[in-house]
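Here the structure is laid out as structure tokens; the discussion comes afterwards.
4 protein chains.
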Amino acid sequence: MDFHHQGLDITTGQKPSEECAVAGYMGNSAFTNIIFALKALQHRGQESSGIATYDGKVHIKKGMGLVSEVFTDDNLPGNIGVGHNRYSTSGSKGLENAGPFIISSSLGYMGISHNGEITNTHSLREELKNKGYIFFSSSDTEVMLVEIINEINKYGVYDGIKKAMFKLKGSYACAIMINDKLYALRDPFGFRPLIFGKNADGYIIASESTAIDSVSGKVIRDVKPGELIEIDSHGYKSIFVVNHEISHCMFEYVYFARPDSIIDGKEVFNVRYNLGVKLAKEYPCNADVVIPVPDSGRSQALGYSVYSKIPYSEGLIKNRYSDRTFILPNQKERYDAIRIKLNTIKSVIRDKSIVLVDDSIVRGNTMKYIISLLKRDGAREVHVRIGSPQIIAPCYFGVDMKTKDDFIADNKTIEDIRKEIDADSLGYVSIEGLKESIGINDLCLGCLTDNYPDVIPTGAKPNYT
Amino acid sequence: MDFHHQGLDITTGQKPSEECAVAGYMGNSAFTNIIFALKALQHRGQESSGIATYDGKVHIKKGMGLVSEVFTDDNLPGNIGVGHNRYSTSGSKGLENAGPFIISSSLGYMGISHNGEITNTHSLREELKNKGYIFFSSSDTEVMLVEIINEINKYGVYDGIKKAMFKLKGSYACAIMINDKLYALRDPFGFRPLIFGKNADGYIIASESTAIDSVSGKVIRDVKPGELIEIDSHGYKSIFVVNHEISHCMFEYVYFARPDSIIDGKEVFNVRYNLGVKLAKEYPCNADVVIPVPDSGRSQALGYSVYSKIPYSEGLIKNRYSDRTFILPNQKERYDAIRIKLNTIKSVIRDKSIVLVDDSIVRGNTMKYIISLLKRDGAREVHVRIGSPQIIAPCYFGVDMKTKDDFIADNKTIEDIRKEIDADSLGYVSIEGLKESIGINDLCLGCLTDNYPDVIPTGAKPNYT
Amino acid sequence: MDFHHQGLDITTGQKPSEECAVAGYMGNSAFTNIIFALKALQHRGQESSGIATYDGKVHIKKGMGLVSEVFTDDNLPGNIGVGHNRYSTSGSKGLENAGPFIISSSLGYMGISHNGEITNTHSLREELKNKGYIFFSSSDTEVMLVEIINEINKYGVYDGIKKAMFKLKGSYACAIMINDKLYALRDPFGFRPLIFGKNADGYIIASESTAIDSVSGKVIRDVKPGELIEIDSHGYKSIFVVNHEISHCMFEYVYFARPDSIIDGKEVFNVRYNLGVKLAKEYPCNADVVIPVPDSGRSQALGYSVYSKIPYSEGLIKNRYSDRTFILPNQKERYDAIRIKLNTIKSVIRDKSIVLVDDSIVRGNTMKYIISLLKRDGAREVHVRIGSPQIIAPCYFGVDMKTKDDFIADNKTIEDIRKEIDADSLGYVSIEGLKESIGINDLCLGCLTDNYPDVIPTGAKPNYT
Amino acid sequence: MDFHHQGLDITTGQKPSEECAVAGYMGNSAFTNIIFALKALQHRGQESSGIATYDGKVHIKKGMGLVSEVFTDDNLPGNIGVGHNRYSTSGSKGLENAGPFIISSSLGYMGISHNGEITNTHSLREELKNKGYIFFSSSDTEVMLVEIINEINKYGVYDGIKKAMFKLKGSYACAIMINDKLYALRDPFGFRPLIFGKNADGYIIASESTAIDSVSGKVIRDVKPGELIEIDSHGYKSIFVVNHEISHCMFEYVYFARPDSIIDGKEVFNVRYNLGVKLAKEYPCNADVVIPVPDSGRSQALGYSVYSKIPYSEGLIKNRYSDRTFILPNQKERYDAIRIKLNTIKSVIRDKSIVLVDDSIVRGNTMKYIISLLKRDGAREVHVRIGSPQIIAPCYFGVDMKTKDDFIADNKTIEDIRKEIDADSLGYVSIEGLKESIGINDLCLGCLTDNYPDVIPTGAKPNYT
């Protein structure tokens, strides 16, 4: 799987939906800097994009589609702004729930871009309604925003946000603007990434460091779990850090983030390379060549090759134009459809024993077809190595893996999966290997272990029975 | 450069424009098979796409854009058809000149998809006008078609096409249908590729073998230079081969074709890998890591790494969403724009001496920016290795490299270019090395040597003074 | 002027912008019934269209454009719904301010479609912010909605809405749904029209009676000024009527409404016919033929013809395809542009003395061109008769006529205007004649007299200095 | 029926399809003048629009849709050009057959815009193929063009066109450009209209005089049946007139042309007014009011009113926004769909005996619904008067009325139709009355009498058995 994320459908039946990208900027040309940041973070959300800036008045534009489709020749004025890319979810409601959200209140203007998932949305919304508040959408971000305003009205900005943090359950990494000040806010578990930096024009907040690179900026540091940072025209300061047991999401490293990003001090490419090394240790193999599934398995395959000393090559070619679909008038067998997306390089695979490396098994079907292609074109053996452990439980903290009918019932062994995809051998990296590859102990591994770092409110399990 | 071809602007000032994809099919579900083939050949032309089929009547659809944009839910009936993808050229006239061309005459129906460039279009058109013929477009394909019909009217299909071949100068690889028969026709020099094969439904003709793969077919063989092949419901037969001095275009191997294609018996990936090996021999280097410019330099970088024993890695990440452009409200320095397209992987490049491999130097600017990025992010040295010789002359045979004002005047040495892009060393593969890498002696090297395999008619040099 | 309203630019420099259409339905197929109603009311707003329905959950769709462009193959479930067409205004903010608005609160769900203009938006919003409320848009409808919720939270639905009515200044005709009940609400002045009726499926609320016709319904009666009506599955009841001095907007009859609508008991066609009769009495003329400016002056011209006994005919033909504009490469004189929209019928006008009738003088330019056309094509005399008095002051109650630089300065006499448009005579109907033609005394004539039925809050005059 | 022509489906089952608009211009700003002309002639064709100009080179643009949709900000250079609007036909093939057609031959460049229908297309095409000609489309215009070129090659321009006229059967009114000369050509029967004039910039040729009005031009005269006129920068001259029995199409006056056009000396409005007078004489009625079906019956209704002395009024209002269709989720009875298009004015029709006037009965259904609406809303009696005789036979000369299954079988009497539409009386104008109303004896009445002015080639009856 590469980082396009055009539909993830894991064998065990899951689908991420609440990942998003956030960005904030304080300085000259805020709009242009945010455009660059959102483009660099397009892989985190392709459904909608929006930017709001402030120069005494609020200026806002949102639209469905990629950053480049929404913003064609715009320029919003102002030296402060926040931006948002939203992931495509099945239950999406068009622009109604698209970020950023902007409100005016006795406080003045407030804008928020949110990545994550508030787990106690339902009870909080009821509680706030009973206090007289009114909601215009079904978004958890709106609930977070109203809760924050409610507390700020009582305790002021700093204490109000802190009070709100104790009420808000779940994950949130946010870029917030309140009038002419910019804030970075990250939940106490640190589920989702958030980082900030500086370039010639001013300060930038973003989901991943690659966005800071995209504006020729320098990373200052990650926002700490539980931290509120305030940025104004004079500089930045850390307002507070709410201490907590940290639980960074392992899925960012394994699958979601860009390989060139450095998250909580760990470079994603390097983590994936390490996962390849671990796989080579845990699941060695006597083979002729290591090849990746392009583009998602490349880092891991390089690690596997170096440790195992089996030569690395490219045996599969991806068609860059195969994104859009065509309803075939005469439904051909599926192998053809895959051939348009992926084809083999015969000289690399023919008569070879191959180690095939990818980041995860999605659509058992896709992996099955790839193996079939390789064998039809002459591969002798195909040994599959996967740079993540098996996912066995849903996520409540932002990677909204929804469960299918067969989620638990299916409960396949690795041998079952190997047989189904017709691989000669199959290895998933171990949880221990994963932790060592990332090099962080404070990880959320809920989807791998069914043990979560926090209690899950009942209302947060709508799709799980 | 990868095989998207979204604007080639070589340092010496050239731009290909007459490359196209052709496909033809004889058998069940001709339309569906051609759709697959054209999708697999999308890299050869993105401006327009068209398909014509025949079932007693001719059915045709053409449109501007990608195959997937033109054909959304169509189905043209018939067991025979031809298809065409057209490259985007500056002087294009929309659908007027888009393929395939279809005519009716005393012969019945005839359809043609053409890849290449007829060099004596001007004089042939005048000659045919004087014979009373009428032209509906400015296309060289129409001239070819009328010339063929003119000769067929006098000598019948086989002899007529042969007679026409002696009149038509330049390059052409064509899929032709005449009523219920399909023909593959390739010019005597064999400039442009043409191959045919078979799948469960019938016979397929295509510009590259990857199109045959895409329909789960088997390659039968390349169409020979100067050969006419006829395919009907009973099978295929070679009608004739006009002998000539063969001159395959080297640019197909170096740049244009897909790496998984096998052209005139040579796998493109393997040729590019060999070019990497040659580069390592001709321009060795004492470095820490070999990295490709993604996706275009990957095959060559692998070859360089294996021969030189310098480890291979990936040090640049390409943003898959950066295709569309945005007019920046405040024009930022260009480095930012590049950062959105390419970013570095710090752990791979920092403090390293790097061999950077690509297929050609396009936009000296782009290579310059990449080197600058690598150095700003900590690379110690950057040694550039290019998998093709320098281009010094225009092409008249289908890769319509148009000359810029500075084409000759500029006449830079390799050392000049090295300084301009700020590389620590720069090596282009030698012409001898190119020939050995391809493994074919009968190559057209006109754009590298200014010696062409055929006399160039005066009218064929409109952009060259 | 016909009822398309594609830009009103009166000689005195005004432009309506806050006219909208509202609709509500209680019964089977609520969505379909609202679609019909909104299509019948398309003349009241073409910028955006939206519908919300309720079946335990709220279903909503809004979009830019005509009803037929927004709703192509949708179907929102539920037996209750509200819909809205929004007028195109220069300062519009896309979908942000488009109706209907939907909120959830402790009350449950509430949806509102609003036609009119709240004049004390600014002070109310500040007051509500100070109470802790949060605003998501710049719309006066949102302020109205929050004010209503605020009062309902304190006093319950009936008394809360009544309390809110005493706070809300300006004009509002609304279709409201609160959970499974539908409400019609009209401001105490009765500025904007609101009517309700019944068809086979259930009850309908709409801005004009023609919407009730469009669903094969029967009108029950107009909603009274200051009245709240509640409709549920059992029937309807009047909850209260807040008494006040009534001030129906005269502009609805003169210009805005459809001729087939019956508003507050008066048929619009009949009012306009009466205006023609009045014009014939007040400004008689010795002429050969009466012709209308199509389609807007037809009713008035018929009245003029019958009273004056001067024959009626059609002397101008409107091109139905002239809506879209074309930027002329070589700017031709404007007469040509008008010729594409209107042309003369020579046999009707040549050598004739003509009475030319329209509803208002818009773009002095347009009328000037029409007279010029008629005279160039042979008309001997052109006597202009206008079915409304001169507009001399801005509107604050829903026809947001914005003032131009020259609004007061220009201050032209009728004789000045006659000379400018080159008419042989010019007559505007008198205010007394207008009142008699409508047959209602309780009219708002603010824009004709500069005397308004209510005090205008300072903030309500943003464009007037 | 007004002149939009969005689908004509006469009770007897016919549909026009070959009507088009042609225009040609010689002089400054040829492109702009043709744009105006085509916009004024939009009612003659809405499927596609195209313009070609010449300034040494040919410049051409064609597209699907209205003139204003195809030409948004274009400007084609040159002082000569031809333009074309094409009617929407069921069997249309997109841009392949759209006008104008442009060719280059030994003659130089030739462009043609054609209105009409060549009846011997099939045999001519075969004949020309046997001479070696090649055809690129299925259009009869291409056949005409090749035939003309073929004869010109033998006899020169003037004699060649004359020779071609003796071969071409059927109807044609054409604007032709041959290099820098413009030609108007009309078939010897004069079936379709063609007129020319002059404005400040130069000379214009057009299908109807309203196009000449649209460029502020003066009509010179109609092109005579069988005439070729040549226009160059010095002026115009009549080259020849081929004498023949003239047969102007009566349908142009009754239905197709704009009321403000003057065709072959007769103003269309006046003809339709006369038809109303005839109807009043032939089918008098004791009624209270005469109302038209808007906008198509207005001229006729005025004539009926004046002669009968029954007052004229407007009792039906047409919704200007009802063009686009909506697939109703719950299919309501059809009356509602009509209500959105047409509504009644109650004060005009209630308790009245009405004379309802239209130009033709299309979709018996539509007339039936209108009568039903009028009666449901209180009309006492509805007497229908139709400004054309009954159509009983197909057209081969440009109004391609295609026959339905029931064309002959149905063979309804007027009384049958009256009953079906539930009118209190029904009158069609007599053929004699039609001829007197137009004031021309030399009419083609084939569709009314089944007697045609010329022999119909067998191939010309594809839809008639």
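Chains as they are written, first to last, in the working numbering: chain U, 35 to 499; chain L, 35 to 499; chain C, 35 to 499; chain R, 35 to 499. The beta-carbon is built from N, C-alpha and C at its ideal position, and this holds for glycine as well.
Helix, strand or coil at residue i [DSSP, three-state]
i: C:E367; result: Note on C:E367: pLDDT 47, under 50, position unreliable in the model; no value is reported.
i: C:N119; result: strand
i: U:H93; result: strand
i: R:T447; result: coil
i: C:D193; result: helix
i: R:R384; result: coil
i: L:T46; result: Bear in mind that the predicted position of L:T46 carries a pLDDT of just 27, short of 50, making it too unreliable to give a figure here.
i: C:D484; result: coil
i: L:I344; result: coil
With 16 other Cβ atoms within 10 Å as the buried cut-off, status of residue i
i: C:D456; result: exposed
i: L:I448; result: exposed
i: C:N113; result: buried
i: U:E160; result: exposed
i: R:N485; result: exposed
i: U:G90; result: exposed
i: L:D107; result: exposed
Residue closest to residue i, alpha-carbon to alpha-carbon, out of the options
i: L:S241; options: L:S406, L:R78, L:N164; result: L:R78
i: C:K197; options: C:D392, C:K215, C:R410, C:P222; result: C:P222
i: R:C54; options: R:I246, R:I297, R:L390, R:A291; result: R:A291
i: L:R255; options: L:P227, L:V249, L:Y59; result: L:P227
i: L:G331; options: L:D392, L:I472, L:G299; result: L:D392
i: U:F200; options: U:S422, U:N277, U:H148, U:K95; result: U:N277
i: U:K380; options: L:E301, L:P345, L:T483, L:V323; result: L:E301
i: C:I420; options: C:D484, C:V327, C:R410, C:S272; result: C:V327
7 Å Cβ cutoff, residue i in contact with chain A
i: U:Q424; result: Going by chain labels, chain A is absent from the structure shown, which instead holds the protein chains U, L, C and R.
Anticipated Cβ contact below 8 Å, residue i with residue j, distance rounded
i: L:L408; j: L:V416; result: 5 Å
i: U:F170; j: U:G115; result: Their Cβ separation, rounded to whole angstroms, is 22 Å, which puts U:F170 and U:G115 out of contact at 8 Å.
Practice task
Would you check if there are 3 or more beta carbon pairs closer than 8 Å linking the region 282-295 of chain C to the region 379-386 of chain C?
Solution key: no
Practice task
Tell me, please, whether the region 75-86 of chain C touches the region 100-116 of chain C by the rule of three or more beta-carbon pairs shorter than 8 Å.
Solution key: yes
Exercise for the section: Evaluate contact between the region 454-474 of chain L and the region 314-323 of chain L, counting only Cβ atoms and requiring at least three cross-stretch pairs below 8 Å. Expected result: yes
Practice task
Please confirm if the region 133-143 of chain R is in contact with the region 157-174 of chain L, defined as three or more CB-CB distances below 8 Å between the two stretches.
Solution key: yes
Exercise for the section: Kindly confirm or deny that the region 296-316 of chain U and the region 332-343 of chain U touch, where touching means at least three C-beta pairs closer than 8 Å. Expected result: yes
Exercise for the section: Could you tell me whether the region 258-277 of chain C touches the region 344-354 of chain R, where touching means 3 or more Cβ pairs closer than 8 Å? Expected result: no
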